[in-house]
Amino acid sequence: MSSMVLTGGRVIDPQNNLDAVADVLVQDGRVTQVGKGLKAKADAVIELQPHHWVCPGLIDGRVNFGDPGYSDRETIRTGAASAAVGGITTAILMPTTKPVIDNVATLEYVWATVRRDSAVRLEVLAAATKNLEGVELTEMGKLTANGVVGFGDDTAPIANTLIMRRLLEYAQMLDKPVVVHPQDPYFSGAGIMNEGYYATLLGIPGIPAVGESLMIARDLQLLKRFGGRLHVARVTTAESVRLLRRAKYDGLAVTAETTAHHLCFTQADMQRYDSDFKVQPPLRTDDDQQALIEGLADGTIDSIVSDHTPHNPDEKSRPIDQSPYGAIGTETLLGALMTRLLQDDALTPTTLIKALTQNPARCYALADRGHLSPGALADVTVIDSTAQWVVDPLQFKSAARNCPFKGQTLTGQAVLTLVGGAVVYRHPTLSEAPAPVVMG
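Just so you know, we're using my numbering here: the sequence shown kicks off at 802 and counts up by one.
This is how it looks when you write it as C-alpha cells:
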C-alpha cells in the first residue's frame, strides 16, 4: 500500500469546518485521516509550512478544451496539463465542440481521449438540445447512462420556453442539473460589450444587462412550477443576484456560478481595445461586480469558474468586432481570485475555497470530491498563499495565450496538485515531493 502525508500546512476544508494546521494522510488514492502526528504512518512525507494551504482539489465547473474539432486552439492533453498547474483536479467540459457532444458516439470519443491524455479528472456536460440549436432535446437518458453530469447548451441560450420546460422535467427524472446561459438572444444581437456609458464612448455595440435577468426570471418561474434542478451559469449582474437570492430564500433548487474575469475586471477595461477582454457575457459595471462579491459572501452565488475558452492568436488578433469571445483562465484562476478577493478582505479564505471545491462538487453531485473526509478521493491542492508571480502566457501549459491577466503580478499559487494521491503537478519549490505523473 502506497501512502503519503502532507504535514505542517494549514488545512482548509470547508465541508468539515476545518481551518487549522494539521496533517493529511492519503493512501491508495483516498484520504484516510486528517489530524496531528501522522508522519509515522506514511511511506512518503511532504513537509509544508503554515503559509501552505492544504485544500480539497479545486473543481472548475466550466472549461473548453477544444477536442473534438478545435485542437488548433487546445487539446484535452494541454488543457488538462494547464488545469493541473492551476491546482484544478476536476474540470467540467462544455459540449461546444465540433461535432457537438450531443450523442453517445461523440461522448465515447471524448471519454477515450480523456482516459488517454488527461492528467486530471474531466467530467462532461452534455448538450441539452441537438447541435445546440434549442429545437430538439438530445437523447438525455442514453447520455446519462454514459456518464454525463448534466445538460446545457453552453453559450447558446434556450429561447423556446416549451423546450426549457421539457428539459427541466426530463432532467429531473434523470436527477441531473440543467445548466443555462442566461442571455436573451434578441437583446444581445450583435452586441459586444455591456450597454452603457463605455459602449457609447468607445463606439462598440452594447448588450443590455436586462437580457440576463429576464432569462433568469423566466427560468426560475419554470423551475418553481415544473420542478427540477437549475444551475445558472456565468451570473454577471446585480439584478440577477437579487433574483437568485430571493429564489434561494423561497427554497427553489437553484445554484449559480460567476467567473474569475467578471470578479476581476469591469467594462472600463474594454477601453484597451484588447480582445482578451471580449468575453461572454460581457464585463459589467463596478456595481454589478460588487453585487457578485456580496453574492459569494452570503451564499447566493455558489461557485467560481475559469470559463477557460482558448483561441489561437490569429483569431484573437482580429479587430475587436471580428474576434471571438473568450479568455483562458485555468492557470490564473486561483492567483487572480486570491489577489482580488483576499487582499482586500472581500471574502475569507474559507469562503473562497468553498466556492472552488465543496460547492461545485455539490452542484454536479460529485460526492467523493470537494472535501477531505476519510474515504474521499485523494484529490488535493497545496497553495502557497504568499507566492508572488507575474503572469506570462508564453510559459503556460495551455496551448492558447488569450489571457486578460497577462503582465499582472498575482499573489497565491498552486505548488502541488494530487489526483487520486498521484502528483500531477509540482512546483520547483517543493522538490522533495514525488515527481509528477507523465501522461502518454
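Using N, Cα and C, we set each Cβ at its ideal position, and we do this for glycine too.
For Val-921, the number of other beta carbons within 10 angstroms of its own is at least 16, and it is reported as buried. Rounded to the nearest whole angstrom, the C-alpha separation of Pro-1006 and Ala-957 is 19 Å.
About 5 Å separates the CB atoms of Met-1071 and Met-994; that is less than 8 Å, so the two are in contact.
For Glu-1013, the enclosing alpha helix (DSSP H) covers residues 1011–1027.
DSSP links Ile-1105 through a beta bridge to Thr-1059.
As for any alpha helix (DSSP H) of minimum length 4 sitting wholly inside the region 942–982, the runs are 962–975, ordered along the chain. For Glu-848, the uninterrupted beta strand (DSSP E) run begins and ends at 845–848, by DSSP. Between the region 909–928 and the region 865–872 there are three or more inter-stretch CB-CB distances shorter than 8 Å, so the stretches are counted as touching. When C-alpha distances from Thr-1230 are compared across Ala-1092, Thr-1086, Ile-847, Leu-839, the shortest belongs to Ile-847. The closest CA to that of His-853, considering only Cys-1204, Gly-1222, Ala-1188, Pro-1205, is found on Ala-1188.
Listed as beta-bridge partners of Ala-1215 by DSSP are Ile-1184. About 4 Å separates the beta carbons of Thr-879 and Ala-1200, which is inside the 8 Å limit, making them a contact pair. Judged by beta-carbon spacing, Val-1033 lies beyond the 9 Å limit of Leu-1023, meaning their Cβ atoms are not closer than that value. The C-alpha of Leu-1097 is placed about 13 Å away from the C-alpha of Thr-1038. Under the DSSP assignment, Arg-878 falls in the alpha helix (DSSP H) whose first and last residues are 877–886. Proximity to Ala-882 across Pro-1205, Ser-1174, Thr-1131 peaks at Thr-1131, based on C-alpha coordinates.
In the DSSP assignment, Ser-804 forms a beta bridge with Gln-828. Relative to Phe-1206, the option among Glu-924, Pro-1150, Gly-1136 whose CA is nearest is Gly-1136.
Out of Asp-1051, Pro-1114, Pro-1125, Ser-1118, the CA that lies nearest to the CA of Val-1080 is found in Pro-1125. Put simply, of Gly-810, Asp-814, Thr-808, Ser-804 the residue whose alpha carbon is nearest the alpha carbon of Ala-1156 is Asp-814. Put simply, the backbone Cα of Gly-862 is about 12 Å away from that of Ala-1166.
Rounded to the nearest whole angstrom, the CA to CA distance from Leu-1031 to Lys-840 is 44 Å. In this structure Val-812 touches Val-825 by the C-beta definition: roughly 6 Å separates them, less than 8 Å. Burial is judged here by how many other beta carbons sit within 10 angstroms of a residue's own beta carbon; Leu-1195 has fewer than 16 and is exposed. With 16 or more neighbouring CB atoms inside 10 Å of its own CB, Leu-969 falls in the buried class. Checking the DSSP bridge columns, you'll see Ile-1008 partnered with Asn-995.
Within 10 angstroms of the beta-carbon of Val-835 lie 16 or more other beta-carbons, which makes it buried.
Pairing Val-1225 with Val-1183, the inter-Cα distance amounts to about 12 Å. Fewer than three pairs of CB atoms, one per stretch, sit closer than 8 Å, so the region 1059–1067 makes no contact with the region 969–989. For Pro-857, the enclosing beta strand (DSSP E) covers residues 853–857.
Per DSSP, Val-921 lies in no beta strand (DSSP E) segment and is marked neither H nor E. Looking at the DSSP output, Trp-912 shares a beta bridge with no other residue. The beta carbons of Thr-891 and Gly-858 sit about 6 Å from each other, so the pair counts as a contact at 8 Å.
A contact is defined here as three or more CB-CB pairs under 8 Å, and the region 1109–1126 fails this definition with respect to the region 1139–1156.
Asp-844 has its alpha-carbon roughly 50 Å from the corresponding atom of Asp-1075. Taking C-beta atoms as the reference points, Gly-951 and Lys-977 count as a pair closer than 9 Å.
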